[in-house]
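Report on the structure given below.
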Amino acid sequence: MKRQNSRHYIGVMAGEFRSGQIPPFGETRFHESLCAAGHSCGAEVFVFSPQDVNEAEMTVEGYGWSPEGGWEKRLYPLPDLIYDRAFFSSKTSYEAHRQAVRRLCSLKQAPYLGYGLKSKWEMLHFLRRDPVLRPYLPRTVKISGPEEAVRQLRQEKRIFLKPVSGSQGKGTVLAERTGHGWRVRARDPANQPVDLEFAREAGFVQWLGGFMGRRPYLMQPYLELAAPSGEAWDIRALVQKNGRGLWELTGMGARVGASGSMTSNLHGGGSAVEVDEWLSQQFGSARAAELLETMRMLVRRIPAALEACNGRMAELGLDLGVDREGQVWIIEANTKPGRSIFRKLGQEKLLLQAERNPIAYACYILSRTSLRPDGKQARPKPLICIP
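Numbering (my numbering), first residue to last: 14 to 400.
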């Protein structure tokens, strides 16, 4: 397939395609914005699965979008740059995807827009290297079974468990000792709430072992991040690189969990509130201003700390919490962040910016990509880790 002049092709890599649908992937509004952003900077953006690569022809079947024609299925050259937005509902789907990515990389070493973190444990390990960030990180240990959680509960009334790899609050567990035994509040793999009580330790251990399965978990002290009225809440900040290759804060919002929920995740039924408004309600306007300044400092520092160890990154969804004593905590850093908080807040301008920034940054990378003497793209130089 002949390329059109010197146009760059940016492939947005999706995970699981749904057969019989056009387009066969979700987040269609988001993908439409990505394609539109490509048009504005002279690049062709398309959505594809690496399983649809034709090795003999060096092409891939993908979907492009235009305001005039909507979504259209067609053949594209192998992408010059890949924006990874692949999510999976099963290990089988993930393994098939990973094998297809390996085949694609053997055909063409297209750079990724940003390299993802392997796990929450790796994220914490990188952030601990920065002495300024260390006081804002909850004490965290890695566990492989329920017995370790039980031992900790003999010393603390409540603990919080979350999978080393996971998103949207799925698989999280709040475990506590009560006057009558043991209680767990959790989110199952379908993100549905679970609330159980056990009179005997053996029953609690058996249930927790089955819930954790073979997945490694992180264990943390339970942070009192709930509002006086009982709702769990946190702050989501979206930081992205712009069309000049610089990190900037796109926007922030408070996520307030549904009544009785132990997490604030919007996928679990939470709502969005303006940050200034929410912090002022909880802590008063003067303290809210101080907390916001601390959060802005963390938002500026976290991307550089992670990128120094991980390599090039493009965007991060940062979750920050504040306990009832006013201590700010770093909860999460997600390299495939959602943008629904801006939609829920009615901030359409910020939503559009959040959707289009990745392609603006991709065009920046491609405009600066150097070529080796053999004509192939040079790989980006690795960044040095903070000592």
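All C-beta atoms, glycine included, are put in the ideal place defined by N, C-alpha and C.
Three-state class that DSSP yields for ARG115 in the structure shown: helix
Contacts around TYR377, its chain only, beta-carbon distance under 6 Å, and the 5 residues preceding and following it disregarded: Same-chain partners within the cutoff: GLY256 and GLY258.
Alpha-carbon to alpha-carbon, GLU214 and ASN204: 25 Å
- prompt: Is it the case that the Cβ atoms of LEU379 and ASP93 are separated by a distance below 9 Å?
  reply: Remark: C-beta atoms of LEU379 and ASP93 approach each other more closely than 9 Å.
- request: Using only alpha-carbon positions, find the residue among GLY270, MET225, THR263 and TRP260 that is nearest to LEU238.
  value: GLY270
task: List in chain order: all unbroken beta strand (DSSP E) runs of 3+ residues lying wholly within the segment 34-96.
output: 56-67, 72-79 and 83-90
message: At the level of alpha carbons, what is the spacing between ARG115 and ASN370?
response: 27 Å
- prompt: With distances taken from CA atoms, which of GLY222, PHE224 and GLN253 is nearest LEU126?
  reply: GLN253
- prompt: Rounded to a whole number of angstroms, what is the C-alpha to C-alpha distance between MET308 and ALA299?
  reply: Rounded to whole angstroms, the gap between the alpha carbons of MET308 and ALA299 is 15 Å.
- request: Tell me where the beta strand (DSSP E) around THR153 begins and ends.
  value: Where THR153 is concerned, there is no enclosing beta strand (DSSP E), given that its DSSP letter is neither H nor E.
- prompt: Are at least three pairs of beta-carbons, each pair with one atom in the segment 42-52 and one in the segment 137-152, less than 8 Å apart?
  reply: Segment contact: the segment 42-52 against the segment 137-152, fewer than three CB-CB distances shorter than 8 Å; contact not assigned.
- request: Would you kindly report the start and end of the unbroken beta strand (DSSP E) that includes LEU319?
  value: Taken as a continuous stretch (DSSP letters only), LEU319 belongs to no beta strand (DSSP E), being part of the alpha helix (DSSP H) at 298-323.
- request: Just confirm the distance between the C-beta atoms of VAL177 and PRO229, as a whole number of angstroms; I'd bet it's less than 8 Å.
  value: 5 Å
message: Shorter than 8 Å, the distance from the beta carbon of VAL197 to the closest heavy atom of the ligand ATP, or not?
response: This structure does not include the ligand ATP; it has no bound ligands of any sort.
query: How would you label ALA391, buried or exposed, when you count the other beta carbons within 10 angstroms and need 16 or more for buried?
result: Per-residue confidence for ALA391 stands at a pLDDT of 49, beneath the threshold of 50, marking its modelled position as unreliable; the derived number appears in the next sentence. Exposed, since its Cβ has fewer than 16 Cβ neighbours within 10 Å.
query: So which of ALA318, ARG111 and GLU368 has the shortest CA-CA distance to LEU146?
result: ALA318
query: From LEU209 to PRO159, what does the alpha carbon distance come to, in whole angstroms?
result: 16 Å
- prompt: Smallest Cα separation from LYS349: which of LEU174, PHE355, SER180 and HIS52?
  reply: SER180
- prompt: Which one of ARG268, GLN122 and PHE59 has the shortest CA to CA distance from LEU251?
  reply: ARG268
- prompt: DSSP puts GLY334 in a beta bridge; with which residues?
  reply: TRP342
message: Could you compute how far the alpha carbon of GLU29 sits from the alpha carbon of ILE372?
response: 22 Å
task: Flag this pair as yes or no: are the beta carbons of ILE315 and LEU331 separated by less than 9 Å?
output: yes
message: For a cutoff of 9 Å on Cβ pairs, would you count ARG171 as touching chain C?
response: The structure shown contains no chain C; it is built from a single protein chain.
- request: Using the Cα positions of ARG337 and PHE296, report the straight-line distance between them to the nearest angstrom.
  value: 9 Å
- prompt: Do LYS131 and MET232 have their C-beta atoms within less than 9 Å of each other?
  reply: no
message: Between GLY36 and TYR76, how many whole angstroms is the CB-CB distance? I'm expecting something under 8 Å.
response: Gly is not the amino acid found at residue 36; the sequence shown has Pro there. Confirmed, Cβ separation roughly 5 Å.
- request: Drop a sphere of 10 angstroms on the beta-carbon of GLU169, count the other beta-carbons inside from all chains shown, and report buried for 16 or more, exposed for fewer.
  value: That one is exposed.
message: Which residues does DSSP list as the beta-bridge partners of SER284?
response: VAL269
- request: Kindly indicate which three-state DSSP category TYR128 falls into: helix, strand or coil?
  value: coil
Integer-rounded CB distance, given that TRP342 should sit under 8 Å from LEU236: 6 Å
Rounded C-alpha distance that separates GLY324 from TYR128: 7 Å
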